[in-house]
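Numbering (mature numbering (1 follows the signal peptide of the UniProt record, and there is no 0)), first residue to last: -32 to -1, 1 to 80. All residues carry an ideal CB built from backbone N, CA and C; glycine is no exception. Treat the numbers as computed from the prediction; the structure is a model and nothing was measured.
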Amino acid sequence: MTDHHKNLARRAVVRRVAALVALLGATAAAHGQRLTGTAADIGRSTETWLALQRDNRAAGADLPMLGDAASLAYQRYLDSFKNKIPDTLGSPLGSSGGGGAAAGGQGAMQSN
């Protein structure tokens, strides 16, 4: 290995160590911060975020869905109308299993 390559390798190591030190410093600074917002500040911030979502002001550009993927997605959408919407959904509370979808957990439907 030539001196040039050794110097490049050393610089890369120094850069990685510097990045790690900076990251650790930023993490320590973030954990050292305290929450100082009042309920009014939090409420105002929440309302701002909800308005941003509701008004669609920060949305990215629509991305096209191409060919086969679009056809399959549209077919799944059409097929979803073939299924009856149940009057009630099952509850994991009354099941004798350990819970989860297989034992009547969330997403399991009760047949009428």
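- Ala29 is not a Cβ neighbour of Leu20, given a cutoff of 8 Å.
- Per DSSP, Leu(-13) has no beta-bridge partner at all.
- In the three-state reduction of the DSSP assignment, Arg25 falls in the coil class, being assigned neither a helical nor a strand state.
- Per DSSP, Asp36 is one residue of the alpha helix (DSSP H) stretching across Gly35 to Asp47.
- In the three-state reduction of the DSSP assignment, Asn51 falls in the coil class.
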